[in-house]
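In mature numbering (1 follows the signal peptide of the UniProt record, and there is no 0), the protein residues as written are -19 to -1, 1 to 337.
In structure tokens:
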């Protein structure tokens, strides 16, 4: 499938050079940017480093029997939460493929009906395809074969887009779940220690919590090292993609492709805001560990344990963050910056169009 998708991107680039009308050029450019970013994400997600990161989740699932009821409840709530978000992304990504196919079929059906009524000749029937690409055959003579190939391409593209988004979203929600569980364990630390008879047992339990905290910190750092340049690429290209969709909606208004353009625009914006919101949640929950430590009834604990809790509290005040390349931290403000960039590009395009 990757070879097929690579050939599709090459044909898109060739088709862009052959495009004559403005609408064809903008459509082709928007799809090219979307597919190139998606293809790079596919390659990164298939790297061995990402596979090793995902094995952490698999190993954690194998040890669920070691969690108490409260931690299990948190974990399963995160699983349900992640499932809902993944299904939502899958639905809107799929709708992009459905609407682009449906809109072209509507044009063809309308043109065919006009020919049936004798309003136009059979040679004047419009035969639009979902994607404006170079084809080695005359698509008008083999219209339905070309259309089926484009449907297959749309299915592959939607699958790839959803899969790459789900991988990253699952990793982010897993981290959030781990931080929630860690907060609960620290908050209940004083109560748990009251049921332990010796200081050695209390310290051993604290040691396990410290190891868990360090494991989460290492997990976030490893994820950030592997994904920050991909995020930089995505946040560089996304304003251009959003601008392309907005410009088409404003300029071409009530044409047959409007449902697809609106769906694609909403899907891109949804992916951006979901990504930044979850990264922002990681930052918030990582800093919440310090408050959980403070709520742990530490004042009744031995001096040695108090000292270690103070160190944990100080470390937790440094938030866990994900980066967009070497430039800035991924938070909710990154999504706002993306939308501001898209608005700026749109204003430039509009001013250029008015001068012409």
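Built from N, CA and C at the ideal position, the CB exists for glycine as well.
- A Cβ-Cβ contact shorter than 7 angstroms links residue 78 with residue 139.
- Contact check for residue 187 against residue 286 passes: the beta carbons are separated by less than 7 angstroms.
- Closest in alpha carbon position to residue 257, among 246, 315, 220, 116, is 315.
- Judged by their CB atoms, residue 241 and residue 81 are nearer to each other than the 7 angstroms cut-off.
- A distance below 6 angstroms between beta-carbons, with the five flanking residues on each side excluded, links residue 170 to the following residues of its chain, in chain order: 277.
- Here the stretch 114 to 122 makes no contact with the stretch 164 to 180; the two share fewer than three CB pairs at distances below 8 angstroms.
- Here DSSP, grouped into helix, strand and coil, assigns residue 277 to coil.
- Burial check for residue 94: the Cβ neighbour count within 10 Å stays below 16, so the residue is exposed.
- When beta bridges are read from the DSSP output, residue -3 appears opposite no residue.
- Looking at the backbone, the Cα of residue -15 and that of residue 318 are separated by about 31 angstroms.
- Separation of the CB atoms of residue 267 and residue 160 is rounded to 6 angstroms, and the pair is thereby assigned contact status at 8 angstroms.
- For the pair residue 162 and residue 38, the CB atoms are not nearer than the 7 angstroms cut-off.
- Remark: C-beta atoms of residue 260 and residue 311 approach each other more closely than 7 angstroms.
- In this structure the stretch 122 to 137 does not touch the stretch 31 to 51; the number of beta carbon pairs closer than 8 angstroms is below three.
- The beta carbon of residue 101 sits closer than 6 angstroms to those of 95, all from its chain and outside the five residues before and after it, given in chain order.
- Per DSSP, the continuous alpha helix (DSSP H) segment holding residue 30 begins and ends at 29 to 43.
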